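In order, the protein sequences belong to chains A and B.
When you line the first sequence up against my numbering, it's residues 25 to 361, in that order.
When you line the second sequence up against my numbering, it's residues 27 to 344, in that order.
All C-beta atoms in this analysis are idealised placements derived from N, C-alpha and C, irrespective of residue type, glycine included.
These figures come from a predicted structure and were not determined experimentally.
One structure below.
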Amino acid sequence: MNILPNEHKNKPFERAKKNVSSKQDVVYKELSFWKDARLRFYQNKGAVLGMIFIFIIVLFAVLGPLISSHTYKSIETDHINLPPRIPIIEKIGIFDGESDGMNVYKENNLENVYYWFGTDNLGRDIWTRVWVGTRVSLYIAILAVVIDMFIGIGYGLIAGYIGGKLDSGMQRFIEILSGIPNLVVVTLFVLVFNPGILSISLALVITGWIGMSRVVRSQVLKLKELDFILASKTLGAKTPTLLFVDLLPNIFGQVIIMSMFSIPNAIFYEAFLAFIGLGLQPPMASLGVLINDGYKSILVYPHIIATPVIVLGILMLCFNLVADGLRDALDPKMKEL
Amino acid sequence: MIKYILNRIVLSFLTLLIILSVLFMLLEFMPGSPFNDEKLKIEQKELLYKKYGLDKPIHERFVIYLKNVVVKGDFGVSYAIEKNVPVTKILKDRMPISIRLGIQALIFGTLIGIILAFISAIYKNTIWDSITTVIAIVGISIPSFVFAIGLSYYLGYKLPKLLHFSLFPLTYDIDNVFKSSILPTIALSMFVIATVARFMRTELVEVLGSEYILLAEAKGLNSKKVIFRHAFRNAVIPVITVLGPLTVGLMTGSLVIERIFTIPGIGDLLVTAISVNDFNIVIAISFFYSMFYIAVVLIVDILYGLIDPRIRIAKGEQ
Numbered sequence: 025m026n027i028l029p030n031e032h033k034n035k036p037f038e039r040a041k042k043n044v045s046s047k048q049d050v051v052y053k054e055l056s057f058w059k060d061a062r063l064r065f066y067q068n069k070g071a072v073l074g075m076i077f078i079f080i081i082v083l084f085a086v087l088g089p090l091i092s093s094h095t096y097k098s099i100e101t102d103h104i105n106l107p108p109r110i111p112i113i114e115k116i117g118i119f120d121g122e123s124d125g126m127n128v129y130k131e132n133n134l135e136n137v138y139y140w141f142g143t144d145n146l147g148r149d150i151w152t153r154v155w156v157g158t159r160v161s162l163y164i165a166i167l168a169v170v171i172d173m174f175i176g177i178g179y180g181l182i183a184g185y186i187g188g189k190l191d192s193g194m195q196r197f198i199e200i201l202s203g204i205p206n207l208v209v210v211t212l213f214v215l216v217f218n219p220g221i222l223s224i225s226l227a228l229v230i231t232g233w234i235g236m237s238r239v240v241r242s243q244v245l246k247l248k249e250l251d252f253i254l255a256s257k258t259l260g261a262k263t264p265t266l267l268f269v270d271l272l273p274n275i276f277g278q279v280i281i282m283s284m285f286s287i288p289n290a291i292f293y294e295a296f297l298a299f300i301g302l303g304l305q306p307p308m309a310s311l312g313v314l315i316n317d318g319y320k321s322i323l324v325y326p327h328i329i330a331t332p333v334i335v336l337g338i339l340m341l342c343f344n345l346v347a348d349g350l351r352d353a354l355d356p357k358m359k360e361l
Numbered sequence: 027m028i029k030y031i032l033n034r035i036v037l038s039f040l041t042l043l044i045i046l047s048v049l050f051m052l053l054e055f056m057p058g059s060p061f062n063d064e065k066l067k068i069e070q071k072e073l074l075y076k077k078y079g080l081d082k083p084i085h086e087r088f089v090i091y092l093k094n095v096v097v098k099g100d101f102g103v104s105y106a107i108e109k110n111v112p113v114t115k116i117l118k119d120r121m122p123i124s125i126r127l128g129i130q131a132l133i134f135g136t137l138i139g140i141i142l143a144f145i146s147a148i149y150k151n152t153i154w155d156s157i158t159t160v161i162a163i164v165g166i167s168i169p170s171f172v173f174a175i176g177l178s179y180y181l182g183y184k185l186p187k188l189l190h191f192s193l194f195p196l197t198y199d200i201d202n203v204f205k206s207s208i209l210p211t212i213a214l215s216m217f218v219i220a221t222v223a224r225f226m227r228t229e230l231v232e233v234l235g236s237e238y239i240l241l242a243e244a245k246g247l248n249s250k251k252v253i254f255r256h257a258f259r260n261a262v263i264p265v266i267t268v269l270g271p272l273t274v275g276l277m278t279g280s281l282v283i284e285r286i287f288t289i290p291g292i293g294d295l296l297v298t299a300i301s302v303n304d305f306n307i308v309i310a311i312s313f314f315y316s317m318f319y320i321a322v323v324l325i326v327d328i329l330y331g332l333i334d335p336r337i338r339i340a341k342g343e344q
C-alpha cells in the first residue's frame, strides 16, 4: 500500500537518465512581480469563477431594484406569499408560480402578474428586497476594506516605523483590544446605538483593523532594517517618501490579501446580527433580515428564505475563493489563515 | 519563559478588568432602563431604583459592582427575564448546556477536520483532495446559521415526513438531550471542520515534503509508520493555534444555533437579554465570553511555547 504523496513514489535517489532537456539550460522570460501574480491568479479556476460571480452579483445589486416596479418596502396585501414566477422560463416548468401542484397565481386571478423571486408574507417583492439587501452586504464589504486600508495600515506603519516605547505601548493597546471578543463589542454597540447599520459599522471600526495592523507592523519592522531603506535615507529621502514610496509598495501584496479576507468576515457579521434581530430592522432589507423573515415561515413557504440564502452563500463563497486565489498568487509561501 | 508567562497573565487580568469597566460604563449610558413599563408612576420608579441601588452616583455603584463581581462572583439580579432571580443562578442552569454543545462540536469538528486533512494531504492533487478542499471552503464560507436552518429543515422536517418517523427532534427535548443535540452539534462544527481541515492540510503537506520524512523513508519505515509516527505529530501541533479563532466561531455560532434549535443555553439568553434591556445578564454573559476567550488564548500561547522549542528560544532571545 502506498499512501505517500506522488513525489515520494519514486525512490529518494535515482540515476538521472540522459536526455536532452537536462543538458540544456532553460532560459525563462523575465516577468514582473505583478504580472507573474496576475498570471498565477488567472490559472486558479475557483478564483476566476468567484470573481465573475461577484461581478454578476454587484451588477444585479445595482440594477436589480431599478428594473423592478416595486420598492423594497411597498406592501401589496393581495399578493402575499406568492411563489417565484418568471416569464418565458415558466414554460419549462420551473419558476412557474406553482406550489404543491397548484398555480397560486391562477387561483388568485393574477394571470399577468410576475414576481421573479416571489413575495413574502406582507406581499413585498423578494427580488427587490434581495438585491437591496445585497447592497447592504456590499457596503459592509467596502467598509471593511476601507477600515483595513486606513486604520490598519496607518496604525501598523506608525508602530513599526517609529518603534521603541511608542510601539510597545501601541502593541499593549492592541493586545487588550483583541482580548475583547468581537461578539461583546458588537453587543455593546447594539445596546448603545440601537440595532442598525450604524452600530455594525462602528463595531467594525473598533475591531476590524487589528489583524491588518499586525501584519503591516511586522513587515515594516523586517523591511526597515534592509539596505535599500538605508540607501534611500542616504539619498536624503524624508519620512513620507520612505513610508509611502519605499515601504508600502513592498508590503502591498500582504495588505491586499488581508483586506480580502476581512470582507467575508464582515459580511458574515452583518448577516448574522440581522438574523438574530440585532442588525438592520425591518422594513429595511439586508440578507440577514430576509433570511430571518423567511425562517419564520420556512415550513409553509420555503421559497421566501431560498433566494437570500443562495445569494448570501454564493457571495461568501466567491469572496473566499478570490481571497484564497489572491493569497496563492501574491504570496505563495503564506499559510492558510 | 516564566517572565513571559507572568507578563501574559497580568495583561490578561488587566484586559478583563478593562472589559468589565467598559461594559459597566457603556451600559450606564445606554438608552432605556430596566423599568420601561409605562404604567409605572415616577414615585414607583424611584422606589425601584432605590431598591436596586440605581439612585447612587455612578462611581459608587461601580465600586460596589466590582466588589460583588470579583469577591463574591455576584452579578446582581435579573431585571426582566426572570425577575429578582440572581443572574448567577440563571447562568448556572444554562451554562452547562452551552458548554456541552460547544465541546461536542469542538471534538467532533476537530476529528473530522483532521481526517479530511489527512485524506487531502495524502492523496494530494487527486479528486479526493479536490473534494475535501471544496468541503473545507464551503464550510468556511457558508454561515453556521444557514447550515443550521438547512439541517433542521431537511433532516428535522422533510426527512421525518418522508420516512414517517423522526430521527432527530426538530427542537430541544429535555428528556432526550443527546439526540436533540446531534443536529446542533453538526451545524456548529462545520466551521471547526473547515478551519481545522484547511490549516492541517497545509501543515501536513509541508511536513510530508520535509527532509526528516525523507530520512524516515530512507531508513526503511513503511509509509503508515512514517505518516502516523513522524508526520502526524508534527503537523498536529500548529493546529493548537487555531483554537483561539475556533472559540470565537463557536461563541458566535452558539447564539444563532441555540435560537434555531430552541436550546436553552446562554447564547440564546444573551440575545433575549439585549432585546429586553436586562443589562445585568448582558454584562455577565459578555464577561464570561471574554473570560473564556482570554483564557483560551492564554493557554494556547503558553502551551505553544512549551511544545515547540523554536518558539521558546525565539522568546528567550528577545
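query, result
"Give the list of continuous alpha helix (DSSP H) stretches no shorter than 4 residues that lie fully inside the stretch 189 to 270 of chain A.", "206 to 217, 221 to 231, 234 to 247 and 251 to 258"
"Which ranges does the beta strand (DSSP E) cover as unbroken runs of at least 3 residues, wholly within the stretch 131 to 183 of chain B, from first to last along the chain?", "none"
"For Asn289(A), does the three-state DSSP call read helix, strand or coil?", "helix"
"Anyone know if the C-beta pair for Ile281(A) and Ile234(A) falls short of 9 Å?", "no"
"Using a 10 Å radius around the Cβ and a threshold of 16 neighbouring Cβ atoms, would you call Ile300(B) buried or exposed?", "buried"
"With contact counted as at least three CB pairs below 8 Å, one residue from each stretch, are the stretch 185 to 192 of chain A and the stretch 294 to 303 of chain A in contact?", "no"
"Does Tyr183(B) have its Cβ less than 9 Å from a Cβ in chain A?", "yes"
"Following the continuous alpha helix (DSSP H) through Trp151(A), name the residue where it begins and the one where it ends.", "Ile150 to Ile171"
"Any idea what DSSP makes of Val322(B), helix, strand or coil?", "helix"
"State buried or exposed for Pro210(B), treating a residue as buried only when at least 16 other CB atoms are found within 10 Å of its CB.", "buried"
"Does the Cβ of Pro219(A) have 16 or more other Cβ atoms within 10 Å, making it buried, or fewer, making it exposed?", "buried"
"Is DSSP giving Gln107(A) helix, strand or coil here?", "Checking the sequence, you will find Pro at residue 107(A) rather than Gln. Of the three classes helix, strand and coil, the one that applies to Pro107(A) here is coil, per DSSP."
"If you reduce the DSSP assignment to three classes, tell me which class Asn127(A) lands in.", "strand"
"Would you mind giving the Cβ-Cβ distance between Ile200(A) and Leu40(B), rounded to the nearest angstrom? I have them listed as a contact below 8 Å.", "7 Å"
"Take Ser215(B) and list the residues in its own chain whose beta-carbon comes closer than 6 Å to its own, dropping the five residues that flank it on each side.", "Ala131, Phe134 and Gly135"
"Which term fits Gln67(A), buried or exposed, when burial requires 16 or more other beta carbons within 10 angstroms of its beta carbon?", "exposed"
"Hey, how far is the Cα of Ala143(B) from the Cα of Gly203(A)?", "29 Å"
"Return helix, strand or coil for Val103(B), following the three-state DSSP convention.", "strand"
"What did DSSP end up calling Pro306(A) once you bin it into helix, strand or coil?", "coil"
"Considering only C-alpha positions, which residue in the set Met27(B), Leu42(B), Gly275(B) and Tyr30(B) is nearest to Ala321(B)?", "Leu42(B)"
"Kindly indicate if chain B contains any beta-carbon less than 9 Å away from that of Val324(A).", "no"
"Straight-line CA distance for Ile125(B) to Val323(B)?", "17 Å"
"Which partner residues does Thr267(B) have in the DSSP bridge list?", "DSSP output for Thr267(B) lists no bridge partner at all."
"Going by C-alpha to C-alpha distance, which of Pro288(A), Gln195(A) and Met308(A) sits closest to Arg384(A)?", "Outside the displayed range of chain A (25 to 361) lies residue 384(A), so it cannot be described from this structure."
"With a 10 Å radius around its C-beta and 16 neighbouring C-beta atoms as the bar for buried, classify Arg196(A) as buried or exposed.", "exposed"
"How about Ile141(B) and Tyr198(B): do their beta carbons lie closer than 9 Å?", "no"
"Only counting the same chain, and skipping five residues up and downstream in sequence, which positions put a Cβ closer than 6 Å to that of Gly157(A)?", "Ala309, Ser310, Leu311 and Leu314"
"Buried or exposed for Met25(A), going by 16 or more other Cβ atoms inside 10 Å?", "Below a pLDDT of 50, predicted positions are generally treated as unreliable, and Met25(A), at 42, falls in that range; the measurement from the model is reported next regardless. Classification for Met25(A): exposed."
"Counting only the same chain and skipping the five closest in sequence on each side, list residues whose C-beta sits under 8 Å from that of Val72(A).", "Phe65, Tyr66 and Gly349"
"So, Ser283(A) versus Asp270(A), is the Cβ gap smaller than 9 Å?", "no"
"Just list the residues that DSSP pairs Thr143(A) with in beta bridges.", "Asp149(A)"
"Any chance the CB of Lys250(B) is under 8 Å from a heavy atom of the ligand HEM?", "Judged by which ligands are present, the structure shown has none, so any question about the ligand HEM falls away."
"Taking a cut of 7 Å between CB atoms, which residues from the stretch 205 to 234 of chain B lie near chain A?", "Arg224, Phe225, Thr228 and Leu234"
"Use the C-beta contact count for Ile309(B): other C-beta atoms within 10 angstroms, 16 or more gives buried, fewer gives exposed.", "buried"
"Any contact between the stretch 239 to 246 of chain B and the stretch 150 to 166 of chain B? By contact I mean 3 or more CB pairs, one from each, below 8 Å.", "no"
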